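All residue numbers for the sequence shown refer to our numbering, where the first residue is 101 and numbers rise by one.
Inspection log for the structure reproduced underneath, given as structure tokens.
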Amino acid sequence: MAMPTARRKVKRTAWCSGVGEQAVTEELRSWIVAQARAGFSPDVVLKSMQASGWSEEVALHAMQTTLEQALSQPSAHHEPHALPGPAAVPQPLLRGYSPFIDTPDRRVQVLAHLRSPQLVLFGSVASDAECNALMEAARPRLSRSLTVATQSGGEEAHVDRTSEGMFFSRGENEVVSRIEARLAALLNWPIDHGEGLQVLRYRPGAEYKPHYDYFDPKEPGTPSILARGGQRVATVILYLHQPTAGGDTVFPEVGLHVAPTKGHAVFFSYPQAHPASHSLHGGAPVLEGEKWIATKWLRERVFD
Ligand code: PD2
Ligand code: ZN
101 MAMPTARRKV KRTAWCSGVG EQAVTEELRS WIVAQARAGF SPDVVLKSMQ ASGWSEEVAL
161 HAMQTTLEQA LSQPSAHHEP HALPGPAAVP QPLLRGYSPF IDTPDRRVQV LAHLRSPQLV
221 LFGSVASDAE CNALMEAARP RLSRSLTVAT QSGGEEAHVD RTSEGMFFSR GENEVVSRIE
281 ARLAALLNWP IDHGEGLQVL RYRPGAEYKP HYDYFDPKEP GTPSILARGG QRVATVILYL
341 HQPTAGGDTV FPEVGLHVAP TKGHAVFFSY PQAHPASHSL HGGAPVLEGE KWIATKWLRE
401 RVFD
């Protein structure tokens, strides 16, 4: 459900007096209840409302009255809490008025962003020379991509993923270190909370079917994976080489297609390891040419 934006006058509203006349609509009340049921903390809901133009005072008042009312209804007491509380996630320092973010060594463009799921499309994250250097270092080490075997916590080849890939270890060479430091600054998230960069090559016909990047809490192999660094909370996909046709990164739940463009990167976060994160995404089949990407998965804690 999209966040209703602050507006001036609508029907069936309560008004919060003395706070600039912002209307608390039924639509807003339903949205607040849905966020609470999805497990988002009051702080996260408040920030979301403020980002949509609601004043802090109106937002707090609306949250308090709405949630008090919802909790006083008997059905609310019987609803199971299916979701864990949301984890902290990287928050790129977007300034609404500025189309770029300066990292210590490169000015990165902010091309588009989405609030739910939190997603940012960045341009000029890496130079052509940096993309080429990553591809050349990765090329001799590529092999058929594996996916996490959720039963055991190990890895296995899977028909859903027909690319070839390899992992760099963190800080493995100068270009890898430079890109990692840049992403850490861009996303405001420590380098040591990230896995090593994974490079993937997709040839024509190769794809990555829609999936979530977090580890499914219900799978028996997950606890052993989480022992090292906790959950994945965000992903950055850096495009190293663009195919001539196909290969978009797709977010089916929000109808978004990101065209793979050399040097661009798409970042998205998922504070909860649950489909309510709306972070379902996939790599559409490459139709012509090759697509190369470098993916960085960000963890809750130090990943070593
Ligand atoms: O290559 C992609 O577009 C893609 C799509 C979905 C990559 C990943 N997931 C990933 O690396 O997790
Ligand atoms: Zn993915």
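We treat Cβ as the ideally placed atom computed from N, Cα and C, and that holds for glycine.
Since the structure is predicted, the reported quantities are computational estimates derived from the model, not experimental observations.
### Query
Under 7 Å between the Cβ atoms of residue 352 and residue 310?
Residue numbering aside, residue 352 sits at position 252 when the sequence shown is read from its first letter. Residue numbering aside, residue 310 sits at position 210 when the sequence shown is read from its first letter. Yes, Cβ-Cβ distance for residue 352 and residue 310 is below 7 Å.
### Rounded separation between residue 129 and residue 303 - CA only
Within the sequence shown, residue 129 is the residue found at index 29, counting from 1. Within the sequence shown, residue 303 is the residue found at index 203, counting from 1. In a straight line, the C-alpha of residue 129 is about 48 Å away from that of residue 303.
### Query
Can you find a heavy atom of ligand 2 that lies under 6 Å from the Cβ of residue 260?
If you number the sequence shown from 1, residue 260 lands on position 160. Residue 260: no, Cβ never under 6 Å from ligand 2.
#### Entry: Nearest to residue 301 (by Cα), restricted to the options 318, 338, 163
Within the sequence shown, numbered from 1, the residue matching residue 301 stands at position 201. Nearest option by C-alpha distance: 338.
### Query
Along the chain, where does the beta strand (DSSP E) that runs through residue 416 open and close?
Since the first residue shown for the chain is 101 and the last is 404, residue 416 is missing from the structure and cannot be characterised.
### Task
Specify whether the stretch 387-395 and the stretch 329-347 touch according to this definition: at least 3 beta carbon pairs, one from each stretch, less than 8 Å apart.
Result yes; three or more Cβ-Cβ pairs closer than 8 Å.
### Inside the stretch 319-373 only - beta strand (DSSP E) runs reaching at least 3 residues
Fully enclosed beta strand (DSSP E) runs of 3 or longer: 332-341, 349-351, 356-358, 365-369.
### Query
Is the Cβ-Cβ distance between residue 269 and residue 294 less than 7 Å?
Within the sequence shown, numbered from 1, the residue matching residue 269 stands at position 169. Within the sequence shown, numbered from 1, the residue matching residue 294 stands at position 194. No, the Cβ-Cβ distance between residue 269 and residue 294 is not below 7 Å.
### Message
Looking at residue 371: is its Cβ nearer than 7 Å to the Cβ of residue 217?
### Response
Numbered from its first residue, the sequence shown carries residue 371 at position 271. Numbered from its first residue, the sequence shown carries residue 217 at position 117. Going by C-beta atoms, residue 371 is not nearer than 7 Å to residue 217.
### Query
When every heavy atom of ligand 2 is checked, does at least one fall within less than 6 Å of the C-beta of residue 316?
Sequence index remark: in the sequence shown, residue 316 carries index 216 (1-based). No, Cβ of residue 316 sits at least 6 Å from all heavy atoms of ligand 2.
#### Entry: Validate contact between the stretch 359-377 and the stretch 310-329 using beta carbons, cut 8 Å, 3 pairs
Segments in contact, yes.
### Message
Using a 10 Å radius around the Cβ and a threshold of 16 neighbouring Cβ atoms, would you call residue 308 buried or exposed?
### Response
Within the sequence shown, numbered from 1, the residue matching residue 308 stands at position 208. Buried is the call here.
### Query
To which residues of the same chain is residue 203 closer than 6 Å at the C-beta, ignoring the five residues directly before and after it?
Mapped onto the sequence shown, residue 203 falls at position 103. Shown here for residue 203: same chain residues with a beta carbon closer than 6 Å to its own, the five before and five after excluded, namely 282, 285, 286 in chain order.
### Query
How close, in whole Å, do the beta carbons of residue 279 and residue 236 come, if the pair is a contact with beta carbons under 8 Å?
As a working mapping, residue 279 is identified with position 179 in the sequence shown. As a working mapping, residue 236 is identified with position 136 in the sequence shown. Incorrect: roughly 14 Å between the Cβ atoms, too far for contact.
### Message
Using a 10 Å radius around the Cβ and a threshold of 16 neighbouring Cβ atoms, would you call residue 396 buried or exposed?
### Response
Walking along the sequence shown from the start, residue 396 turns up at place 296. Burial call: buried.
### Query
Does the Cβ-Cβ distance between residue 288 and residue 214 come in under 7 Å?
Within the sequence shown, numbered from 1, the residue matching residue 288 stands at position 188. Within the sequence shown, numbered from 1, the residue matching residue 214 stands at position 114. Against a cut-off of 7 Å, the Cβ pair of residue 214 and residue 288 comes out as no contact.
### Message
Need the endpoints of the beta strand (DSSP E) that residue 228 sits in, please.
### Response
To locate residue 228, count along the sequence shown from 1; it is residue 128. Per DSSP, residue 228 lies in no beta strand (DSSP E) segment; the continuous alpha helix (DSSP H) that holds it begins and ends at 228-238.
### Task
Could you please give the first and the last residue of the uninterrupted alpha helix (DSSP H) stretch that includes residue 291?
For the purposes of this step, residue 291 is taken as the residue at position 191 of the sequence shown. Unbroken run through residue 291: none, as it is neither H nor E.
### Task
With DSSP as the reference, please indicate the residues paired to residue 202 in a beta bridge.
Stepping through the sequence shown from its first residue, residue 202 is reached at position 102. Beta-bridge pairing links residue 202 to 207.
### Query
Would the beta-carbon of residue 329 fall within 7 Å of that of residue 267?
The count along the sequence shown starts at 1 and reaches residue 329 at position 229. The count along the sequence shown starts at 1 and reaches residue 267 at position 167. For residue 329 and residue 267, no; Cβs fall outside 7 Å.
### Query
Does any heavy atom of ligand 2 sit closer than 6 Å to the C-beta of residue 313?
The residue labelled residue 313 in the question sits at position 213 within the sequence shown. Short note on residue 313: C-beta closer than 6 Å to some heavy atom of ligand 2.
### Query
What do you reckon, are the CB atoms on residue 349 and residue 366 nearer than 7 Å?
Residue numbering aside, residue 349 sits at position 249 when the sequence shown is read from its first letter. Residue numbering aside, residue 366 sits at position 266 when the sequence shown is read from its first letter. Cβ atoms of residue 349 and residue 366: closer than 7 Å.
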